[in-house]
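Worksheet: one structure, shown below.
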Ligand SMILES: [Zn+2]
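In our numbering, the protein residues as written are 29 to 278.
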């Protein structure tokens, strides 16, 4: 088994110690990044919900315009027919023949029936338009209230992010110092593994089992890890390994 790093036991031990501290720092930085991102994701989701509601109100307003236009058309027809009705009613006084009289009467009756239907239609349009206007107002009121809350939340998230960024800056300084203490080749390997293995590049081996992938490592390699003068990688997950006795487990 090729080791990543071979030296005297105490130097390998120091290297391991530095790597573990570096990994701890990196995991803390990652957690801070996640916390910052989480706050922003939450805000984005809430903003999206508000935008969707605003859009719904706009769509509804467009539909309301159509309803109002249809209602006006019926109202115009109603008014026009009303004028015609009055005209026919006045003509009734001057008709010459009974046939003409009957014909006019029939027209008057038909117009009355149709206008009655128009009145009902206008009433229906009015009810629909009122319900739509109420819904639009409700959507907009809810959006206004939520936007107010979101603005408050946004300033809180931003304040927290600033705080977390400041913490991160401190940890970054500690990180640079720690990186300076790690062997260059080992550090390069560490960074590659961290990238590929979800932030965990170095793991304990307990009773011959890698605690990163929970696979057994060969007995010979385990003996070398136990000896502590070499820095090995797990044959399965390739993470760097150090010996962690069973009693250290939680
Ligand atoms: Zn492993």
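No residue lacks a Cβ here, since even glycine has one placed at the ideal position from N, Cα and C.
Contact the stretch 142-158 vs the stretch 102-120: 3+ CB pairs below 8 Å: These segments touch.
Spatially closest choice to residue 172 from 55, 270, 79, 91, by CA coordinates: Answer by Cα proximity: 79.
Extent of the continuous alpha helix (DSSP H) run through residue 230: Counting along the chain, residue 230 falls outside any alpha helix (DSSP H), though it belongs to the beta strand (DSSP E) covering 230-234.
Chain-order list of residues whose beta-carbon lies under 6 Å from that of residue 74 (same chain, five-residue window excluded): Excluding sequence neighbours, residue 74 sits near 178.
Inter-stretch contact at 8 Å, needing at least 3 Cβ pairs: the stretch 248-259 / the stretch 35-42: Flag = yes, the stretch 248-259 and the stretch 35-42 touch.
Any non-hydrogen atom of ligand 1 closer than 8 Å to residue 240 Cβ: Yes; taking the cut-off as 8 Å, the Cβ of residue 240 has a heavy atom of ligand 1 nearer than that.
The stretch 48-56 contacting the stretch 191-209, beta-carbon criterion three pairs below 8 Å: A contact is defined here as three or more CB-CB pairs under 8 Å, and the stretch 48-56 meets this definition with respect to the stretch 191-209.
Residue 36 versus residue 185: straight-line alpha-carbon distance, rounded: For residue 36 and residue 185, the distance between alpha carbons rounds to 49 Å.
Residue 242 in three-state terms, based on DSSP: DSSP places residue 242 outside both helix and strand once states are collapsed to three, so it counts as coil.
Whole-angstrom distance between residue 119 and residue 113, CA atom to CA atom: Going from the Cα of residue 113 to the Cα of residue 119 covers about 10 Å.
Buried versus exposed call for residue 25 [16 or more other C-beta atoms within 10 Å across all chains shown]: No answer is possible for residue 25: it lies beyond the span of the chain, which begins at 29 and ends at 278.
Beta-carbon gap between residue 271 and residue 233 smaller than 9 Å: Yes.
Beta-carbon contacts of residue 81 that lie in its chain and below 6 Å, excluding the five residues immediately before and after: Answer for residue 81: 167, 171, listed in chain order.
For residue 124 and residue 115, the rounded distance between their alpha carbons: Put simply, the backbone Cα of residue 115 is about 16 Å away from that of residue 124.
Buried or exposed (CB count within 10 angstroms, at least 16 for buried), residue 34: Answer is exposed; the Cβ neighbour count stays below 16.
Given 8 Å, three or more beta-carbon pairs between the stretch 84-91 and the stretch 138-149: No: the two stretches stay apart, fewer than three of their Cβ pairs being nearer than 8 Å.
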